[in-house]
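Residue numbers (the numbering used here), protein chains in the order written: chain U, 307 to 553; chain F, 36 to 141.
Notes follow once the structure below has been shown.
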Amino acid sequence: MTSSDPERSAALRAALAVGLAVAAYGLSFGALATASGLDVWQTCVLSLFMFSGGSQFAVIGVLASGGLAAAPAAIVGSTLLGARNALYAMRMGPIIGGPWWRRLLAAQWTIDESTAVGTAQPTLRGQRIGFWATGAIIYVGWNLTTLVGALVGDLLGDVRAYGLDAAAAAAFLGLLWPRLRSRQPIAVAAGAAVVAALTLPFLPAGVPVLLAAVVAVVIGVTNWLGPKTPAGAARSGAAALDRDAGL
Amino acid sequence: MTTWNVVLLAAVLVLALKIAGYLVPARVLERPTPSRVATLLTVALLAALVVTQTVQGDGRHPLSIDARLPALGASAVLLALRAPFIVVVVAAAVVAALLRLAGWMA
Numbered sequence: 307m308t309s310s311d312p313e314r315s316a317a318l319r320a321a322l323a324v325g326l327a328v329a330a331y332g333l334s335f336g337a338l339a340t341a342s343g344l345d346v347w348q349t350c351v352l353s354l355f356m357f358s359g360g361s362q363f364a365v366i367g368v369l370a371s372g373g374l375a376a377a378p379a380a381i382v383g384s385t386l387l388g389a390r391n392a393l394y395a396m397r398m399g400p401i402i403g404g405p406w407w408r409r410l411l412a413a414q415w416t417i418d419e420s421t422a423v424g425t426a427q428p429t430l431r432g433q434r435i436g437f438w439a440t441g442a443i444i445y446v447g448w449n450l451t452t453l454v455g456a457l458v459g460d461l462l463g464d465v466r467a468y469g470l471d472a473a474a475a476a477a478f479l480g481l482l483w484p485r486l487r488s489r490q491p492i493a494v495a496a497g498a499a500v501v502a503a504l505t506l507p508f509l510p511a512g513v514p515v516l517l518a519a520v521v522a523v524v525i526g527v528t529n530w531l532g533p534k535t536p537a538g539a540a541r542s543g544a545a546a547l548d549r550d551a552g553l
Numbered sequence: 036m037t038t039w040n041v042v043l044l045a046a047v048l049v050l051a052l053k054i055a056g057y058l059v060p061a062r063v064l065e066r067p068t069p070s071r072v073a074t075l076l077t078v079a080l081l082a083a084l085v086v087t088q089t090v091q092g093d094g095r096h097p098l099s100i101d102a103r104l105p106a107l108g109a110s111a112v113l114l115a116l117r118a119p120f121i122v123v124v125v126a127a128a129v130v131a132a133l134l135r136l137a138g139w140m141a
């Protein structure tokens, strides 16, 4: 990492900045997961194998409010939230290249941040370095902080006294915020929030979140408030990712 | 269904989606509608989760307006000021904890 190799150091700098910030947030996941009734092992299995922050928070959020009766909603909710990783995988496939086992390894680390840092780099080599470095830093850091959070969370007792329930809401808002850069996603977010708020008192836990997903499908298929040109629409997903990186 | 069933099934499904993405030809992404719906789906789910995490109550009272709401307001202000993610999350916890300590909006 010398000044004679600027593409490598730029990618590593971005990976480090994003990776460390996100990895630290595993602490709150670990603590919230044990507070919602998972044991330390179950909490760690989610971070090791699911490894997707939004989906992991969805599982524990729905279980915390609905218990095992809400199990189907927890599974469907986390899977729908994980659907965007498939989209990221489609974008990263040509960049990762190489033999099939390399892409299989990359799949586990294909998340918001690694894709954002990777695709934000100007050269193919920088994109690969950015993706793998961000994925590695977050995977190791996220799992270590999850374990610490789960162990400490067990000792804390009622996490509401420490405001950890509010931290979960803020975490979702923090994941949502960078995506609200144009009228279409803002309309979807507002519509989804209204649907969730109105149905919350009448439906089992987790179901309002799934109903809110219908708003995205309706606005997405009709392209209401969307970019006028087909080319612009095709690029909107990719452009959103690049903006997320903000690097 | 046990908690272990939920944890393992959900983890397998989320990981399977990541792997499936590498098996799909990149051409599909060039079609605007699937790409747009996938992007907007994330937005809708996150927005709904913000709402439910903020006002969801317990079994007896499905809605609860409490310290989480001002804490979420504080995090929105910090996000508008471009504060780092971890600062936003910690600040929300601190605001809610202090309000509860003071006995307001427990």
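We put the CB at the ideal spot given by N, CA and C, even for glycine.
Identity of the residues DSSP links to residue i by a beta bridge
i: L75/F; result: L75/F pairs with nothing; no bridge assigned.
i: V414/U; result: Val is not the amino acid found at residue 414/U; the sequence shown has Gln there. In DSSP, Q414/U forms no bridge with anything.
i: L98/F; result: Q91/F
Identity of the residue in the options nearest residue i by Cα
i: I483/U; options: A118/F, V72/F, R66/F and A102/F; result: According to the sequence displayed, residue 483/U carries Trp and not Ile. Ranking A118/F, V72/F, R66/F and A102/F by Cα distance to W483/U puts A118/F first.
i: L457/U; options: D471/U, L338/U and F508/U; result: L338/U
i: A426/U; options: T440/U, W415/U, L387/U and G403/U; result: T440/U
i: A79/F; options: G343/U, N449/U, G360/U and D345/U; result: G360/U
i: V500/U; options: L481/U, V521/U and G480/U; result: V521/U
i: A317/U; options: G447/U, T429/U, G480/U and L387/U; result: T429/U
i: R434/U; options: G388/U, G404/U and I366/U; result: G404/U
i: E65/F; options: L479/U, L393/U and T385/U; result: L393/U
i: W448/U; options: A495/U, F355/U, I366/U and V328/U; result: V328/U
i: W48/F; options: V382/U, Y331/U and A364/U; result: Inspection of the sequence shows that residue 48/F is occupied by Leu rather than by Trp. Nearest option by C-alpha distance: V382/U.
i: A364/U; options: L81/F, T38/F, R103/F and H96/F; result: L81/F
i: A377/U; options: L386/U, I366/U and L387/U; result: I366/U
i: A127/F; options: M398/U, A475/U, R390/U and A413/U; result: A475/U
i: G459/U; options: A320/U, D345/U and S315/U; result: D345/U
i: V446/U; options: V494/U, T505/U and Q414/U; result: Q414/U
i: A111/F; options: L504/U, L479/U and A341/U; result: L479/U
Straight-line Cα distance separating residue j from residue i
i: A370/U; j: L84/F; result: 13 Å
i: K53/F; j: T416/U; result: 7 Å
i: G543/U; j: L470/U; result: Note that G543/U has pLDDT 45, beneath the 50 cutoff, so the model's placement of it is unreliable and the number below is only indicative. Taking the straight line from one Cα to the other gives about 32 Å.
i: V124/F; j: A131/F; result: 11 Å
i: R408/U; j: A473/U; result: 36 Å
i: L147/F; j: L98/F; result: Only positions 36 to 141 of chain F appear in this structure, which leaves residue 147/F out of reach.
i: F508/U; j: D311/U; result: 59 Å
i: Q348/U; j: V524/U; result: 36 Å
i: A537/U; j: W139/F; result: For A537/U, the predicted structure reports a pLDDT of 46, less than 50, and the residue's modelled location is therefore unreliable. A value from the coordinates is still provided. About 52 Å.
i: V351/U; j: G343/U; result: 14 Å
i: S358/U; j: Q91/F; result: 23 Å
i: I100/F; j: V41/F; result: 29 Å
i: L374/U; j: L50/F; result: 22 Å
i: A55/F; j: A395/U; result: 8 Å
i: I401/U; j: I444/U; result: 20 Å
i: V580/U; j: T74/F; result: In the structure as shown, chain U starts at 307 and stops at 553, and residue 580/U therefore has no counterpart that could be examined.
i: R71/F; j: L136/F; result: 44 Å
i: V59/F; j: A106/F; result: 42 Å
i: Y57/F; j: D418/U; result: 15 Å
i: A539/U; j: L326/U; result: A caution first: A539/U carries a pLDDT of 43, below 50, which makes its placement in the model too unreliable to give a value.
i: A412/U; j: L322/U; result: 18 Å
i: L481/U; j: F120/F; result: 8 Å
i: T38/F; j: V63/F; result: 36 Å
i: V86/F; j: T528/U; result: 25 Å
i: G526/U; j: N391/U; result: 18 Å
i: A477/U; j: L386/U; result: 18 Å
i: P67/F; j: G399/U; result: 19 Å
i: A498/U; j: M36/F; result: 29 Å
i: A46/F; j: G388/U; result: 10 Å
i: L506/U; j: H96/F; result: 11 Å
i: Q490/U; j: A109/F; result: 25 Å
Close-in-space but distant-in-sequence residues of the same chain around residue i (CB under 8 Å, 5 per side omitted)
i: G372/U; result: A379, A380, P510, A511 and G512
i: A502/U; result: P514, V515, L517 and A518
i: Q362/U; result: F335, A339, L352, S353, M356 and S384
i: R541/U; result: Only weak support is given to the placement of R541/U: the predicted model assigns it a pLDDT of 44, under 50, and the question is left unresolved by the model.
Own chain partners of residue i with C-beta closer than 7 Å, once the 5 adjacent residues on each side are dropped
i: V454/U; result: L333 and G336
i: Y468/U; result: L462
i: T451/U; result: A329, A330, G332, L333 and G336
i: T89/F; result: R103, L104 and L107
i: L114/F; result: V123
Residue span of the alpha helix (DSSP H) that contains residue i, given as start and end
i: G480/U; result: L470 to L482
i: A498/U; result: R489 to T505
i: F120/F; result: F120 to L136
i: N529/U; result: First-last for N529/U: undefined, no H or E at that position.
i: D464/U; result: Element bounds for D464/U: n/a, residue is neither H nor E.
i: Q348/U; result: V346 to V351
i: V8/F; result: The first residue shown for chain F is 36 and the last is 141, placing residue 8/F beyond what the model contains.
i: P510/U; result: First-last for P510/U: undefined, no H or E at that position.
i: S371/U; result: G359 to G372
Beta-carbon contacts of residue i that lie in its chain and below 6 Å, excluding the five residues immediately before and after
i: F437/U; result: S420 and G424
i: A442/U; result: none
i: A493/U; result: L531
Residue i beta carbon near the ligand SAM (any heavy atom closer than 7 Å)
i: T385/U; result: Looking at this structure, you won't find the ligand SAM or any other ligand, since it has none at all.
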